Structures are given as structure tokens and as C-alpha cells.
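Residue numbers (the working numbering): 2 to 318. Have a look at the structure below, then the notes.
As C-alpha cells, this is what we get:
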């Protein structure tokens with residue numbers, strides 16, 4: 002909130018959360034108007050979430066610009082970030098397009114989806130705006146290296162800018178079942194039946210991501226480059242990158258001692274970890290399990306997760 006409040010004002014910030022987190026969220030954000038907390042009865046992925054939020058914004062002004070931002074991203078250069086949002090908002094208003102922010106890759110990362118940039122289609126506030134050729138799923142290491150060396154691929158940040166009316170029109174055309182559900186919920190907003198009706202309808206909504214349901218299929222998607230120190234902290238490697246480090250470049254959360262060890266990540270809130278003569282390791286300790294992997298391979302932890310699922314050991318996940 003502090004990041005975007007100077008840009009749009011507190012009254013224009015809306016937070017979407019599930020019912021089980023709503024009260025905790027309200028306590029953590031006491032200055033946010035209570036009516037600006039939009040509650041999903043249960044999670045249904047990003048398209049229903051964005052659609053529901055759009056209904057509340059539509060009541061204010063359907064032609065307003067809507068900026069969709071995940072709450073857990075790290076952004077170190079906030080002024081550049083706001084400049085990017087401002088330029089994207091201008092383009093969204095001018096062209097009724099769906100604008101996505103593509104992050105310039107800093108390496109062949111396998112943990113992010115990618116966006117293939119198209120031709121330059123115009124400018125906004127001095128920033129180049131591009132078409133989009135394709136969206137790509139999270140690649141394997143070889144494909145990620147190809148994307149990185151190509152120079153025309155950008156990380157999919159999950160941040161979007163569009164007019165409220167534009168995204169609702171796209172949902173209407175591409176996700177008609179969801180749009181029908183939104184219409185059913187819209188009639189109850191502001192009434193005494195709002196919570197009950199939204200809960201009833203939401204239970205029948207099929208989960209679908211905004212990327213798969215809309216962005217990959219729409220023909221009016223544009224890209225603006227994002228170069229503002231971004232990370233979604235989506236891996237242990239990303240966490241090592243952002244944490245403060247000791248003189249040996251070890252990043253530690255918890256208790257540890259280190260002997261001739263460097264460039265490691267330790268997460269161990271419950272036990273003391275002793276590092277002796279090791280480098281580039283990730284050590285994660287929880288109450289009932291320990292995970293150790295080489296730094297740079299943390300995206301492959303999902304393979305260990307798959308094995309645990311195959312062995313019916315989900316209690317450790």
C-alpha cells in the first residue's frame with residue numbers, strides 16, 4: 002500500500018482476499034476503508050478474483066483505469082515503478098488495450114512464465130509500448146537459456162493495467178460462464194444479500210487464471226517493459242538475492258555458525274545450523290523436515306514435492 006498510495010491515493014486502493022484472511026487483513030491495514038476490502042468466499046484463481054474486483058470498481062466508474070498488482074512482490078526502484086504504471090495507464094485509456102508489464106530478464110530463470118515481445122506499436126509518456134506475440138509457460142533450463150539469449154522474451158510479472166470496461170468486455174467474450182456469474186453477483190452488491198449471494202454464486206465458478214482465460218487469447222494485449230528492481234521472491238534463490246548477507250555472503254534467517262563457508266542461504270527459525278566448509282547451499286529447516294539443495298537448483302524442489310505426493314507423504318508439504 003505504501004508503494005502505490007502516493008500514486009493513486011488510499012481511497013482508490015482495493016485489496017482482494019479470501020474470507021479466512023479478511024479480519025486479519027483489516028487489522029493490518031487500519032487506514033484502508035473497510036469497504037475497500039473485497040472478500041472472495043473461496044479462492045478461484047485470478048480470473049474470478051479480478052472479475053469480482055472489477056464489479057466494485059465498475060460501480061464507481063466503468064471507464065476508470067484498473068491496476069492489478071500482486072501483494073507480495075519486491076520492488077526496489079519505486080519511482081521507476083510508478084512511472085511505468087503511469088505510462089501503461091495512459092496507453093490503456095487511449096487504446097482500450099490490456100497492458101501487461103514484462104520484466105527484463107537478468108538470467109535464464111525457469112521459475113517464471115515468459116512473454117514474447119512483438120513489434121513496437123507506439124509510445125506513452127516517452128515509453129515504448131509493444132505488441133505481444135505469445136505467452137510461454139515456465140520453461141526448462143535449456144529453453145530458458147534460449148529465451149534469455151534471444152532478448153525478445155520478458156518475465157511475466159502478473160501485473161496488469163486496463164480500463165474496467167475493457168477487462169469486463171474481454172471476460173464476456175472469452176469466459177462467458179464467468180461473465181454470467183459476475184452478472185448474477187453484481188445485482189447484489191451494496192444490498193443486504195451481497196455476502197450471501199456472492200458466496201452462493203462463487204461456489205459454482207470454475208477456477209481459471211487470467212493468463213490462460215484472457216491474456217493468452219485476447220487480441221488487444223500490449224507490453225510495457227519493467228525495469229524497476231523486481232522479484233516475486235518465488236524461489237529460495239530469489240530470497241538469497243534480496244536478504245542482507247554477512248561478510249561471507251551467507252544469508253541467514255535463524256541461528257547458525259559458519260566455518261569456511263560462503264554464499265549459502267539458511268532458513269532455520271527452530272534449530273541451530275552449523276556450516277563447515279560448504280558453499281552455495283540452501284538449507285531450510287522446519288518442524289518436521291529439512292531440505293538441502295544447491296543454490297541455483299531451488300526451482301527443482303518441485304521434483305521432490307512430486308515424489309512426496311507419489312509416496313503419499315503430503316503431511317511434509
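Every residue, glycine too, gets a C-beta built ideally from N, C-alpha and C. The model shown is predicted, which means the values in this text are computed figures rather than measured ones.
CB-CB length for residue 213 against residue 43, believed under 8 angstroms | Taking the first residue of the chain shown as 1, we reach residue 213 at position 212. Taking the first residue of the chain shown as 1, we reach residue 43 at position 42. Contact between residue 213 and residue 43 is absent: CB atoms are separated by about 19 angstroms, not below the 8 angstroms threshold.
Would residue 207 be called buried (16 or more neighbouring beta carbons within 10 Å of its own) or exposed?
-> Residue numbering aside, residue 207 sits at position 206 when the chain shown is read from its first letter. Exposed.
Between residue 219 and the rest of its own chain, which residues show a CB-CB distance below 7 angstroms, the 5 nearest in sequence each way excluded?
-> If you number the chain shown from 1, residue 219 lands on position 218. Excluding sequence neighbours, residue 219 sits near 99, 171 and 175.
When we look at the beta-carbon of residue 197 and count the other beta-carbons within 10 Å, is it buried (16 or more) or exposed?
-> Reading the chain shown from its first residue, position 196 is the one you call residue 197. Here residue 197 is exposed, its C-beta having fewer than 16 other C-beta atoms within 10 Å.
Sequence-distant residues of the same chain with beta carbon closer than 6 angstroms to residue 165, five excluded per side = Here residue 165 corresponds to residue number 164 of the chain shown, with the count starting at 1. 55, 58, 59, 63, 65 and 67.
Closest by C-alpha distance to residue 101, when choosing among 107, 86 and 108 | Your numbering for residue 101 matches position 100 in the chain shown. Selection 107, 86 and 108 evaluated against residue 101 yields 86 as nearest (Cα-Cα).
Helix, strand or coil: how does DSSP classify residue 49 here?
-> Your numbering for residue 49 matches position 48 in the chain shown. Helix, per DSSP.
Comparing alpha-carbon positions, which option in 223, 6, 13 and 292 lies nearest residue 160?
-> Locating residue 160 in the chain shown gives position 159, where the first residue counts as 1. Closest option to residue 160, Cα to Cα, is 223.
Just the Cα atoms here: how many angstroms apart are residue 273 and residue 284?
-> Here residue 273 refers to the residue found at position 272 when the chain shown is read from its first residue. Here residue 284 refers to the residue found at position 283 when the chain shown is read from its first residue. Each residue's Cα considered, the two are about 11 angstroms apart.
For the alpha helix (DSSP H) that residue 80 lies in, which residues bound it at each end?
-> As a first step, residue 80 is located in the chain shown; it is residue number 79 there, counting from the start. Going by DSSP, residue 80 is part of the alpha helix (DSSP H) stretching over 79-96.
Local Cβ density within 10 Å of residue 186, reported as buried at 16 or more and exposed below that | Within the chain shown, the letter at position 185 stands for residue 186. Classification of residue 186: buried, given that the 10 Å Cβ count is 16 or more.
Which of the three DSSP states, helix, strand or coil, is assigned to residue 182?
-> Position 181 of the chain shown, counted from the start, is the residue given in the question as residue 182. Reduced to three states, the DSSP call for residue 182 is helix.
Taking Cβ positions, are residue 120 and residue 135 nearer each other than 8 angstroms?
-> Here residue 120 corresponds to residue number 119 of the chain shown, with the count starting at 1. Here residue 135 corresponds to residue number 134 of the chain shown, with the count starting at 1. No.
Tell whether a beta-carbon distance below 8 angstroms holds between residue 302 and residue 314.
-> One-based indexing of the chain shown puts residue 302 at position 301. One-based indexing of the chain shown puts residue 314 at position 313. Going by C-beta atoms, residue 302 is not nearer than 8 angstroms to residue 314.
Nearest neighbour of residue 96, chosen from 73, 76 and 125 [CA to CA] | For this step, residue 96 is matched to residue 95 along the chain shown. Nearest option by C-alpha distance: 125.
Comparing alpha-carbon positions, which option in 27, 150, 41 and 30 lies nearest residue 183?
-> Position 182 of the chain shown, counted from the first residue, corresponds to residue 183. Ranking the options by Cα distance to residue 183, first place goes to 41.
With 16 other CB atoms within 10 Å as the buried threshold, where does residue 49 fall?
-> Mapped onto the chain shown, residue 49 falls at position 48. Residue 49 comes out buried.
If you draw a straight line from the C-alpha of residue 304 to the C-alpha of residue 245, how long is it?
-> Translated into positions along the chain shown, residue 304 becomes position 303. Translated into positions along the chain shown, residue 245 becomes position 244. Per the coordinates, the alpha-carbon of residue 304 lies some 29 angstroms from the alpha-carbon of residue 245.
With DSSP as the reference, please indicate the residues paired to residue 176 in a beta bridge.
-> Mapped onto the chain shown, residue 176 falls at position 175. Paired residues: none, contrary to the question.
What distance in whole Å lies between the Cβ atoms of residue 112 and residue 235, which are believed to be in contact at a cut-off of 8 angstroms?
-> Taking the chain shown and counting its residues from 1, one reaches residue 235 at position 234. Taking the chain shown and counting its residues from 1, one reaches residue 112 at position 111. Their Cβ separation, rounded to whole angstroms, is 5 angstroms, which keeps residue 235 and residue 112 in contact under 8 angstroms.
Run the CB neighbour count on residue 21, radius 10 Å, all protein chains shown included, and call it buried at 16 or more, exposed below.
-> Here residue 21 refers to the residue found at position 20 when the chain shown is read from its first residue. That one is exposed.
Per DSSP, residue 135 is paired with what?
-> As a first step, residue 135 is located in the chain shown; it is residue number 134 there, counting from the start. Answer is 117, bridged to residue 135.
In chain order, which continuous runs of the beta strand (DSSP E) of length 3 or greater are located wholly inside the stretch 235-312?
-> Within the stretch 235-312, the complete beta strand (DSSP E) runs of at least 3 residues are 252-260, 266-277, 282-286 and 291-295.
Contact belief for residue 251 with residue 267 at Cβ below 8 angstroms, rounded distance in angstroms | Start at 1 with the first residue of the chain shown, and residue 251 comes out as number 250. Start at 1 with the first residue of the chain shown, and residue 267 comes out as number 266. Confirmed, about 7 angstroms.
Under 8 angstroms by Cβ, that's how I've got residue 299 and residue 227 pegged, so tell me the actual separation to the nearest angstrom.
-> For this step, residue 299 is matched to residue 298 along the chain shown. For this step, residue 227 is matched to residue 226 along the chain shown. Actually they do not touch by this definition, with Cβ atoms about 23 angstroms apart.
Can residue 72 and residue 163 be called in contact, C-beta distance under 8 angstroms?
-> Mapped onto the chain shown, residue 72 falls at position 71. Mapped onto the chain shown, residue 163 falls at position 162. Between residue 72 and residue 163, the gap from beta carbon to beta carbon reaches 8 angstroms or more.
Could you tell me if residue 260 is buried or exposed, where buried requires 16 or more neighbouring beta carbons within 10 angstroms of its beta carbon?
-> Within the chain shown, the letter at position 259 stands for residue 260. That one is exposed.
When DSSP labels each residue in this structure, what does residue 128 get in the three-state scheme?
-> As a first step, residue 128 is located in the chain shown; it is residue number 127 there, counting from the start. Assigned with DSSP and collapsed to three states, residue 128 falls in strand.
Between residue 47 and the rest of its own chain, which residues show a CB-CB distance below 7 angstroms, the 5 nearest in sequence each way excluded?
-> In the chain shown, residue 47 corresponds to position 46, counting from 1. Excluding positions up to five away in sequence, the list reads 210 and 211.
Would you mind giving the Cβ-Cβ distance between residue 258 and residue 275, rounded to the nearest angstrom? I have them listed as a contact below 8 angstroms.
-> As a position in the chain shown, residue 258 is number 257, starting the count at 1. As a position in the chain shown, residue 275 is number 274, starting the count at 1. Right, the Cβ-Cβ distance comes to about 5 angstroms (below 8 angstroms), so this counts as a contact.
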